[in-house]
Amino acid sequence: MNQAYANSSNNLESHVHKENQYTTNHAFMSDYKTTTKHTTPSARMSSNDNPSTRSPRAIAEAARNFNVPTKKSILGDHRSGSSSRSDSLESICSAHIKPHTGDDVRWDAINMVSKGNGLDLSHFKLLKRVGYGDIGSVYLVELKGTKAFFAMKVMDKAALASRNKLLRAQTEREILGLLDHPFLPTLYSYFETDKYYCLVMEFCSSGSLHSLRMKQPDKHFTEEATRFYCSEILLALEYLHMLGIVYRDLKPENVLVRDKGHIMLSDFDLSLRCSVNPTLVKSSSTHESSNGPSGGILSHDQTIHGCMQHSSFFPRILPSKKNRKTKSDFGLVVGGCLPELMAEPTNVRSMSFVGTHEYLAPEIIRGEGHGSAVDWWTFGIFLYELLHGITPFKGAGNKATLFNVVGQPLRFPEKPVVSKVARDLIEGLLVKEPKKRFAYNRGATEIKQHPFFHGVNWALVRSATPPIIPESFDFSKYDRKTDVPPMDKKVTDIIASDKSNHTQPDSSYENFEYF
């Protein structure tokens, strides 16, 4: 028997015992969500904020602090009536414009309606529920008096408190307020009522990457399409790590597709925040990277700390015409030996048992503590699933899956056939020992230099043509009164009715876990 497999048996049995106990009692607390992937919206496990280790004072403090912006948050704090409270970005957006959304017309719509006084539920028309979980729902909404559409995440306060998820919800809100990246969500506004916390975010009209994969021949993407989606995900993860955020829940269900075919990583309630020290590393050419990991950390005297500029936006020096590469689907391949910024929170250690069974890293299952390397493990599983249509360690049940992750070697199916460089990258990412895992020390910088991504111009990924352009979403159908809730019905009543009646969400968001 594999030694690592044997050493983890007791730990696994303990977790599986908890899983069976919670499943039997239907007590899906925030520290252990235990259904399988591709079945229900509750396919995640989390021992984050374990209720057994938290005092009533800590829980009460979380409730009080949910609306208090931290120093790192750009959210303001505004009252908007006796029954609601608003932390709205729109009132300060002119002073703190987010670069990549500077031309976003939705900001103009918000400013026109709110006039700097914040928003509340009365400003929105609920059009369709696109997903739900055990603590709330996500709606497609329209800002009244405009043609601006958003996704509104509505969380039930009582459900958050009873399931010990107040701290997780607070962390997610803080993280969303920090983000400014083309492949991550924009938080437009936050407010609350007596019963609900509401986050107003970008609506992705084309559903999840999981639903898009299921529509492909043989339910998997081509290698070129996979390279495109993984390039955008890699840049998003790199940016998060630079902010000291370990994502911990990457999977196709949590990747949403925008109307023009680019993606947006979503759902941050399992993310971990920590400190990080950005460092400059030597850049390597594509040819050098093909011979293995390349690029060394600069000497201590040359190291620069505290810089938060995204490495993909570093200027590049074009080579002479005779050495210039040809144009690829991802733009010009440009050279140069300028240093690149790397920020990898490798020293953080969390003991939380979080994630989706098929994506869990071995160190999480073994209870050894984990850091940012779990994101590179899940990136390997993600890459494998996009190429093959399945995950590599799925067993007959949750218990078998966990044992396979820890104790079984990585295997590839005979079909579809993938390139050697794709297999090489997957094998490097799915090393069970985190310190030996590809990208453990140098993070996304190392992955970007792998031959699988040869031809990708990282500075122009946002401008690349997506491999699949989704059908246009028809918002005009919601102009018909039969497709929207009655205007004389209170929004809070609609939300309560949806919660009790379990109306079906949009099938394009199948298995998307909002909570």
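For the sequence shown, full-length UniProt numbering begins at 1 and goes up steadily by one. For glycine and all other residues, C-beta sits at the position ideal for the given N, C-alpha and C. Note that this is a predicted model, so its numbers are computed, not measured.
Using only the alpha-carbon positions, how far apart do residue i and residue j sit?
{"i": "P451", "j": "T222", "result": "17 angstroms"}
{"i": "V456", "j": "E192", "result": "43 angstroms"}
{"i": "I495", "j": "H123", "result": "15 angstroms"}
{"i": "F150", "j": "D104", "result": "12 angstroms"}
{"i": "V374", "j": "S211", "result": "24 angstroms"}
{"i": "N254", "j": "F382", "result": "11 angstroms"}
{"i": "G371", "j": "A109", "result": "40 angstroms"}
{"i": "H220", "j": "S472", "result": "22 angstroms"}
{"i": "G116", "j": "G145", "result": "16 angstroms"}
{"i": "L410", "j": "N404", "result": "9 angstroms"}
{"i": "G395", "j": "A148", "result": "44 angstroms"}
{"i": "L429", "j": "L187", "result": "31 angstroms"}
{"i": "L386", "j": "F268", "result": "21 angstroms"}
{"i": "R163", "j": "Y196", "result": "15 angstroms"}
{"i": "L119", "j": "K215", "result": "38 angstroms"}
{"i": "H454", "j": "K448", "result": "8 angstroms"}
{"i": "G369", "j": "P466", "result": "37 angstroms"}
{"i": "residue 522", "j": "P252", "result": "Residue 522 cannot be examined here, being either before or after the span of the chain that is shown, 1 to 515."}
{"i": "V461", "j": "E232", "result": "7 angstroms"}
{"i": "D218", "j": "K436", "result": "33 angstroms"}
{"i": "S463", "j": "S419", "result": "26 angstroms"}
{"i": "V406", "j": "I365", "result": "8 angstroms"}
{"i": "L126", "j": "G261", "result": "25 angstroms"}
{"i": "S266", "j": "P185", "result": "7 angstroms"}
{"i": "L209", "j": "S114", "result": "34 angstroms"}
{"i": "M308", "j": "K415", "result": "Since pLDDT at M308 reaches only 32, below the 50 mark, its modelled position is unreliable, and no value is offered."}
{"i": "I390", "j": "P182", "result": "28 angstroms"}
Classify residue i as helix, strand or coil using the three-state DSSP reduction.
{"i": "V257", "result": "strand"}
{"i": "H357", "result": "helix"}
{"i": "Q309", "result": "At Q309 the pLDDT is 34, less than 50, meaning the model places this residue with poor confidence and gives no usable figure here."}
{"i": "S206", "result": "coil"}
{"i": "E368", "result": "coil"}
{"i": "L235", "result": "helix"}
{"i": "G118", "result": "coil"}
{"i": "D424", "result": "helix"}
{"i": "D218", "result": "helix"}
{"i": "K251", "result": "coil"}
{"i": "N404", "result": "helix"}
{"i": "V461", "result": "helix"}
{"i": "E174", "result": "helix"}
{"i": "T226", "result": "helix"}
{"i": "N441", "result": "coil"}
{"i": "L179", "result": "coil"}
{"i": "A396", "result": "coil"}
{"i": "S476", "result": "helix"}
{"i": "S211", "result": "helix"}
For residue i, write down the residues that DSSP places opposite it in a beta bridge.
{"i": "G133", "result": "G136"}
{"i": "V246", "result": "L272"}
{"i": "F379", "result": "Answer is none; F379 lacks a bridge partner."}
{"i": "C198", "result": "V154 and F191"}
{"i": "E142", "result": "K125 and F149"}
{"i": "I263", "result": "V257"}
Can you tell me which of the options puts its alpha carbon nearest to the alpha carbon of residue i?
{"i": "V417", "options": "K448, Y384 and A439", "result": "Y384"}
{"i": "I469", "options": "L178, G207 and Q408", "result": "G207"}
{"i": "L121", "options": "W377, K128 and V141", "result": "V141"}
{"i": "V246", "options": "V461, Y440 and Q449", "result": "Y440"}
{"i": "L250", "options": "K260, H262, G261 and L237", "result": "L237"}
{"i": "M201", "options": "D194, L209 and S189", "result": "S189"}
{"i": "G133", "options": "K260, D180 and M155", "result": "M155"}
{"i": "D180", "options": "G380, I364, G131 and L235", "result": "L235"}
{"i": "F379", "options": "P413, K128, F412 and R227", "result": "R227"}
{"i": "P413", "options": "H388, A225 and L143", "result": "H388"}
Skipping 5 residues on each side, what residues in its chain have a beta carbon closer than 7 angstroms to that of residue i?
{"i": "C204", "result": "L256, V257, R258 and M264"}
{"i": "Q408", "result": "F393"}
{"i": "E427", "result": "L410"}
{"i": "L160", "result": "I135, L166 and A169"}
{"i": "T401", "result": "H357, E358, F393, K394 and G395"}
{"i": "K157", "result": "K195, Y196 and Y197"}
Ordered along the chain, which non-local residues of its own chain (more than five positions away) have a Cβ less than 6 angstroms from that of residue i?
{"i": "K432", "result": "P362"}
{"i": "K153", "result": "V138 and L199"}
{"i": "L425", "result": "H450 and F452"}
{"i": "W377", "result": "A361"}
{"i": "K421", "result": "According to the sequence provided, residue 421 is Val. The question's Lys does not apply to it. Here the set comprises P451 and F452."}
{"i": "K128", "result": "L140"}
Enumerate in chain order the residues of its own chain whose CB-to-CB distance from residue i is below 8 angstroms, with the five nearest sequence positions on each side excluded.
{"i": "S271", "result": "T171, E172, I175, L240, I245, V246, Y247, R248 and D249"}
{"i": "R423", "result": "F412"}
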